[in-house]
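Novice: Take a look at this one; I'll ask things after.
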Amino acid sequence: MTVVRWLHLLAMGFFVGGQLVLVAAVVPVARGTEQMRAMARRFGYGTLVALAVLVVTGTQMASYYHRWSDGTLHVKLALVAVAGVLVGVHIRRPAWHVLDGAIFVVSLAIVWLGVALAH
Ligand code: HEM
Numbered sequence: 051m052t053v054v055r056w057l058h059l060l061a062m063g064f065f066v067g068g069q070l071v072l073v074a075a076v077v078p079v080a081r082g083t084e085q086m087r088a089m090a091r092r093f094g095y096g097t098l099v100a101l102a103v104l105v106v107t108g109t110q111m112a113s114y115y116h117r118w119s120d121g122t123l124h125v126k127l128a129l130v131a132v133a134g135v136l137v138g139v140h141i142r143r144p145a146w147h148v149l150d151g152a153i154f155v156v157s158l159a160i161v162w163l164g165v166a167l168a169h
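Everything in the sequence shown is counted per our numbering, starting at 51 for the first residue and increasing by one.
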């Protein structure tokens with residue numbers, strides 16, 4: 051299960067850490083440039099891969115630790131669904147920057163619930 055948790059945390063690191071780097075270092079410097087759009091597009095597709103890894107590894111951990119009836123996991127999964135929809139809309143409507151903030155806040159809440167769940 052260590053490899054599964056390692057992959058879960060790496061995927062979380064890309065998804066949440068990537069947002070932090072975009073907010074703190076990339077957007078303030080490259081806002082509105084073609085490079086900015088290219089970087090955001092690549093991060094968007096990387097995020098879809100990271101979310102897939104999180105779902106696969108999270109499912110394995112939820113089964114291994116018998117957590118499917120856990121209310122904390124249910125709330126977390128609802129937020130993961132919300133995050134997935136917001137990321138999908140954001141890839142199609144990149145100019146809707148309010149979605150950046152919404153995805154970031156939901157991501158932080160998911161990480162909190164993940165840590166609360168962890169053994
Ligand atoms: C955006 C998506 C997600 C993020 C950011 C995320 C993040 C995390 C984090 C940070 C932990 C704590 C790991 C540790 O401290 O060892 C965790 C644990 C966990 N996650 Fe996720 N997770 C996500 C999606 C999922 C999904 C989709 C599932 C289930 C289908 C899931 C199931 C679990 C379970 C069961 C644990 C607890 C493992 C244990 O009992 O130690 N996660 N998650």
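Ideal Cβ placement from N, Cα and C applies to all residues, glycine included.
1) Measuring only the C-alpha atoms, how far is Leu57 from Pro78?
2) I'd like to check one pair, Val161 with Met86: are the Cβ atoms closer than 8 Å?
3) Any idea what DSSP makes of Pro187, helix, strand or coil?
4) What residues sit near the ligand HEM, counting only those whose C-beta is closer than 7 Å to one of its heavy atoms, in chain order?
5) Suppose contacts are defined by Cβ-Cβ distances below 8 Å. Is Ala166 in contact with Thr122 by that definition?
6) Measuring only the C-alpha atoms, how far is Arg92 from Gly68?
7) Output the boundary residues of the alpha helix (DSSP H) element that contains Thr52.
8) So what's His116 in DSSP terms, helix, strand or just coil?
9) Excluding sequence positions up to five away, which residues of its chain have a Cβ less than 7 Å from the Cβ of Phe64?
Specialist: Quick look at the numbers:
1) 30 Å
2) no
3) Nothing about residue 187 can be read from this structure; the chain reaches only from 51 to 169.
4) Arg55, His58, Leu59, Met62, Phe65, Val66, Leu101, Leu104, Val105, Gly108, Thr109, Met111, Ala112, Tyr115, Arg117, Leu123, Lys126, Leu127, Val130, Ala133, Ser157, Ile160, Val161, Gly164, Val165, Leu167, Ala168, His169
5) yes
6) 11 Å
7) 52-62
8) coil
9) Gly96, Ala100
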